[in-house]
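Novice: Residue 391, in UniProt numbering, is where the sequence shown stops; the numbers in between run on with no holes.
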Amino acid sequence: MYPERFSNLPAYAFPRLRSLLDVHEAGGTPINMTIGEPQHTFPDFVPGVLARSVSEFNKYPVNEGAPELLAAVCGWVTRRYSVDLTPDRVMALNGTREGLYNAAMALAPEVKNGQKPVVLLPNPFYQVYAVAALSVTAEPVMVPATAETGHLPDYASLPADVLDRTTICYICSPANPQGAVADKAYWAQLIALAEKHDFKIFADECYCEIYRDTPPTGVLEAVADTGCDPERVVAFHSLSKRSNLAGLRSGFVASGPKNIAEIRQLRTYAGSPLPMPLQRVAEAVWNDEAHVEENRRLYAEKFDDADEIFAGVEGYASPEAGFFLWLPVEDGEAAALTLWREDGVRVLPGAYLSRPGPAGDPGQGYIRVALVAPKQQTRRGLTLIRDRLYT
Numbered sequence: 001m002y003p004e005r006f007s008n009l010p011a012y013a014f015p016r017l018r019s020l021l022d023v024h025e026a027g028g029t030p031i032n033m034t035i036g037e038p039q040h041t042f043p044d045f046v047p048g049v050l051a052r053s054v055s056e057f058n059k060y061p062v063n064e065g066a067p068e069l070l071a072a073v074c075g076w077v078t079r080r081y082s083v084d085l086t087p088d089r090v091m092a093l094n095g096t097r098e099g100l101y102n103a104a105m106a107l108a109p110e111v112k113n114g115q116k117p118v119v120l121l122p123n124p125f126y127q128v129y130a131v132a133a134l135s136v137t138a139e140p141v142m143v144p145a146t147a148e149t150g151h152l153p154d155y156a157s158l159p160a161d162v163l164d165r166t167t168i169c170y171i172c173s174p175a176n177p178q179g180a181v182a183d184k185a186y187w188a189q190l191i192a193l194a195e196k197h198d199f200k201i202f203a204d205e206c207y208c209e210i211y212r213d214t215p216p217t218g219v220l221e222a223v224a225d226t227g228c229d230p231e232r233v234v235a236f237h238s239l240s241k242r243s244n245l246a247g248l249r250s251g252f253v254a255s256g257p258k259n260i261a262e263i264r265q266l267r268t269y270a271g272s273p274l275p276m277p278l279q280r281v282a283e284a285v286w287n288d289e290a291h292v293e294e295n296r297r298l299y300a301e302k303f304d305d306a307d308e309i310f311a312g313v314e315g316y317a318s319p320e321a322g323f324f325l326w327l328p329v330e331d332g333e334a335a336a337l338t339l340w341r342e343d344g345v346r347v348l349p350g351a352y353l354s355r356p357g358p359a360g361d362p363g364q365g366y367i368r369v370a371l372v373a374p375k376q377q378t379r380r381g382l383t384l385i386r387d388r389l390y391t
């Protein structure tokens with residue numbers, strides 16, 4: 001039985017999807033376009049690195065990450081964002097989901113200004129954000145990220161009394177599921193808002209290396225540009241999407257040294273550091289860019305296919321980054337069920353990633369489609385979706 005504060009959580013998206021679809025036969029050869037699990041090959045040097053370091057499975061892992069891994073992460077941040085980090089501003093993560101949750105546990109105060117604290121979330125959202133908010137007994141406030149707001153949440157539109165109670169705001173850029181990117185102006189406005197109302201920005205940037213043309217601006221760049229206190233922001237990155245290594249469960253968190261010290265302290269007692277052979281793999285992968293460029297090329301081809309297939313479809317928006325399509329439909333659940341029963345295509349109803357609010361449910365009229373399968377399979381799935389839903 002969940003504690004009372006978790007009692008109103010919706011079912012997690014994928015068990016909910018199985019309950020919807022799996023009682024029906026597929027209407028064709030199944031094509032799974034639901035989960036963001038990359039299917040491109042990971043770097044070919046990974047098995048060799050793992051084999052050379054396999055003896056380190058008999059050692060307890062370094063809690064915060066081996067010095068070599070932290071150096072590789074800092075080097076990547078410098079190359080990618082022109083920002084210099086010292087190792088005391090970084091910690092390796094056993095998957096970014098761990099970090100997105102545990103950072104709230106480590107950094108969120110129990111009260112703010114004598115009142116119940118608030119954690120801000122985009123809506124739709126990655127569900128760990130909401131669970132983290134509830135776990136620190138904060139009030140989750142979900143802010144619509146719709147076409148009208150550029151598919152990013154307009155946190156500045158919230159009342160001052162809500163912002164004054166805010167301790168953390170989550171932001172995903174590039175956004176899951178819409179693929180929208182926070183530009184320098186958006187980051188600058190959000191940082192100014194956080195400084196005015198004294199809250200921390202948790203920036204989930206797991207999709208930052210999958211983009212069309214221009215590398216997305218990162219929150220660490222924005223901190224450097226604005227000169228704000230680095231403790232104001234906490235950035236999360238992952239190898240799952242960048243390097244097709246979802247099963248490695250490896251990422252990192254970067255912030256100011258005080259925040260990282262608090263997160264490391266929690267890890268010491270309640271976390272699960274990455275095994276040393278996997279840290280060696282992560283070190284090698286952060287140091288290599290050739291495989292990332294190839295990965296991006298493969299996604300670019302599928303983006304081009306999507307633009308061709310959905311050309312002329314009203315409401316279709318070609319994503320700036322990430323690897324999802326956020327396709328407009330009349331009803332996401334009905335569309336997903338139809339696609340499965342008629343064509344064998346599995347997609348995710350948008351409402352499984354969102355919650356209803358005063359202005360309605362921002363995910364209700366969408367389906368999320370993952371472009372992670374090989375090109376020909378992806379193209380076939382997209383064509384079936386177009387022919388079934390839009391012609």
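Cβ atoms here follow ideal geometry from the backbone N, Cα and C, with glycine treated the same way.
1) What three-state label does DSSP hand K112 in the structure shown?
2) Mind reading off the beta-carbon distance from P153 to P122? Whole number of angstroms is fine, and I expect it under 8 Å.
3) Using a Cβ-Cβ cutoff of less than 8 Å, which residues in the same chain neighbour A235 once the five nearest sequence positions on both sides are dropped?
4) Tell me where the beta strand (DSSP E) around F45 begins and ends.
5) Rounded C-beta distance between V119 and I168? I'm assuming under 8 Å.
6) Inspect the beta-carbon positions of V181 and A321 and report whether they are closer than 7 Å.
7) Leaving out the 5 sequence neighbours to the left and right, which residues in its chain are closer than 6 Å to P174 when beta-carbon positions are compared?
8) Look at the Cβ atom of Y390, then the Cβ atom of V313, and state whether they are nearer than 7 Å.
9) Contact between the segment 270-278 and the segment 45-64: three or more CB pairs below 8 Å?
10) Between the Cα of A284 and those of C172, Y101, T86, L70, spot the shortest distance and give me the residue it belongs to.
11) I need the boundaries of the beta strand (DSSP E) containing T166, first residue and last residue.
12) Excluding the 5 residues flanking L266 on each side, which residues of the same chain have their C-beta closer than 8 Å to its C-beta?
13) Does the count of Cβ pairs from the segment 371-391 and the segment 330-342 closer than 8 Å reach three?
14) Would you report the Cα separation of A185 and I201, rounded to the nearest angstrom?
15) How is the alpha helix (DSSP H) around P15 delimited, first residue to last?
16) Please name the residue in Y269, L193, D305, L245 whose C-alpha comes closest to that of G295.
17) Between which two residues does the beta strand (DSSP E) carrying E139 extend?
18) May I ask which residues mark the beginning and end of the beta strand (DSSP E) holding K200?
19) Going by other Cβ atoms of all chains shown within 10 Å of its Cβ, with 16 needed for buried, is K59 buried or exposed?
20) Within the segment 199-283, note down every full alpha helix (DSSP H) run reaching 4 residues or more, in order along the chain.
21) Do T34 and R346 come within 7 Å of each other at the CB atom, strictly closer than that value?
22) Quick check on D304: buried or exposed, where buried means 16 or more other Cβ atoms within 10 Å of its Cβ?
23) Which residues in the same chain have their Cβ closer than 7 Å to the Cβ of G251, if we skip the five residues on either side of it in sequence?
24) Taking only three categories from DSSP, how would you classify F303?
25) Secondary structure at L382, three-state DSSP: helix, strand or coil?
26) Got a sec, what are the start and stop residues for the beta strand (DSSP E) Y366 sits in?
27) Can you tell me whether N102 is helix, strand or coil according to DSSP?
28) Going by beta carbon distance, what residues of the same chain come within less than 8 Å of Q39, once the five residues before and after it are set aside?
29) I need the straight-line Cα distance from R355 to D361, nearest angstrom please.
30) Looking at the structure shown, is L327 part of a helix, part of a strand, or coil, going by DSSP?
Specialist: Result, derived from the coordinates:
1) strand
2) 4 Å
3) A203, E205, G218, V219, L220, V253, A254, S255
4) Unbroken run through F45: none, as it is neither H nor E.
5) 5 Å
6) yes
7) V181, Y207, P216, A321, G322
8) yes
9) yes
10) L70
11) 166-172
12) N102, M105, A106
13) yes
14) 15 Å
15) 13-21
16) It is worth fixing the name first, because residue 295 is Asn in this sequence and not Gly. Of the listed residues, the one whose Cα sits closest to N295 is L245.
17) 139-144
18) 200-204
19) exposed
20) 219-226, 239-242, 257-270
21) yes
22) exposed
23) L93, G95, T96, G99, F236, H237, S238, L239
24) helix
25) helix
26) 366-370
27) helix
28) N244, V372, A373, P374
29) 6 Å
30) strand
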